[in-house]
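Inspection log for the structure reproduced underneath, given as structure tokens.
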Amino acid sequence: MKLTILGINGFLSTAIAQYCNEKKYYLEMHGVGEPKNNSCDKCYQVDLVNDVLDYESLCESDIIVYTIGAGIQSDLQEGNDLIYNLNVTAPVKICNALNSKGFKGFFITFGSAFEIGETTERHPFTEEEILTSLAVAPNDYTVSKRMLSRFVSSYKSSFTHWHFYIPTIYGHGENPKRLIPYTVNSILNNETLYFTAGDQVRQYIHVDELPVLIDKAYKKNLSTGLYNIGGSEILSVKEIVTIIHKELGKEVPSDCFGTAQRADSGMKYNVLNGSKLRNAIGFNASIKIHDALKDYIK
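Numbering (the working numbering), first residue to last: 934 to 1231.
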């Protein structure tokens, strides 16, 4: 199998590349910089905003995975132009180019559970509910992801296109300011913890489960479409924080909640209904946060 990843050294691209290395798949990567925590058979230095991809090489791939994006981490303070360029313009341009070249393989893009928006509804959302949601979007990242999802759901392609809505992904190597590494590191360093009210409910999936899913979808010849990836656990921020404290033998500070503000605080319930994908290829996430914490504590 020849697999191409658009993106280098990102959280998701690294996990997929490491899986390819383990499976000894032929791997090419396109992006800025050299791979740091994995190897590849060929690396193309390209800036998607300003450069043109090598589509001749891309069209020789069995699977192309678009992992590049912007706006998910507010602390990076990425500008609106970059968010829309990388999350919408670039993948749309690639889809059109692959169509014109007659690509016949599999192309993968990612949506987000955040596309549900700020709703008071509390049930696992289907792909159609996410796609048609009119709930308030808290940021440009969410808006841009909605735009890409609407495009993917509407255009016709010569190739198979999987657009996966993903819940909250976690795992060793993620941005240290995200919830799990922030909590672990703060406890280990005896630092004061600051959280929102902690009542936001999220669905979690370990990053190592995603390349397994992609491999299974390929082998099962999954048809073009939008698919929710159901996570292995549904937990509130308070529950996550409590699990981490218990694992480290600590008590949760009574005054740590309600001391921080986040743009996604208005999204109280972000849970995906993963039955469509589960019924199609039999995918079930299995890694639990409790079992993955040892990698953070190291």
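Note that the Cβ used here is the ideal one computed from N, Cα and C, for glycine as well.
Note that the structure is a prediction, hence the values are computed from the model and not measured.
- Less than 7 Å divides the Cβ of E1051 from the Cβ of M1200.
- Check the Cα spacing between D974 and each of G1012, M934, Q1133 and I1005: the tightest is with M934.
- Two segments are said to touch when three or more pairs of C-beta atoms, one from each, lie closer than 8 Å; by this definition the stretch 937–945 touches the stretch 957–969.
- Closest in alpha carbon position to L1159, among N1217, A1130, K1209 and E1184, is K1209.
- For Y1160, the secondary structure class from DSSP, reduced to helix, strand or coil, is strand.
- In this structure, Y999 sits away from S1077, with a CB-CB distance that is not shorter than 7 Å.
- Put simply, the stretch 1115–1131 does not touch the stretch 1059–1070. Fewer than three CB pairs are less than 8 Å apart.
- Between the alpha carbons of V1204 and Q1133 lies a distance of about 11 Å.
- Taken in chain order, the whole beta strand (DSSP E) runs of length 3 or more contained in the stretch 1053–1108 are 1093–1099 and 1101–1103.
- The three-state secondary structure of L960, taken from DSSP, is strand.
- With at least 16 other beta carbons inside 10 angstroms of its own, Q1136 counts as buried.
- Shortest Cα-Cα distance from S972 to any of G966, Q978, A950 and H1096 involves A950.
- Put simply, of N1154, A1150, Q1194 and D1188 the residue whose alpha carbon is nearest the alpha carbon of F1216 is A1150.
- Looking at the DSSP output, T1022 bridges to nothing.
- Ranked by Cα distance from S1090, the first of F1036, V1170 and I1005 is F1036.
- Separation of A1130 and L1168 (C-alpha to C-alpha, rounded to the nearest whole angstrom) is 14 Å.
- In the three-state DSSP reduction, L936 falls in the strand class (E or B).
- Under the three-state reduction of DSSP, I1177 is assigned to helix.
- Cα atoms of N1161 and G1207: separation of roughly 5 Å, rounded to the nearest angstrom.
- Note: L1168 is bridge-paired with R1135 in the DSSP secondary-structure output.
- Across the set K957, I1041 and N942, the C-alpha of I1041 shows the shortest separation from the C-alpha of L1143.
- In this structure, E1011 keeps its C-beta atom at 7 Å or more from the C-beta atom of G1002.
- Between Y952 and H1105 a beta carbon distance of about 14 Å is seen, past the 8 Å cut, so the two are scored as non-contacting.
- Bounds of the beta strand (DSSP E) holding K975 are K975 to Q978.
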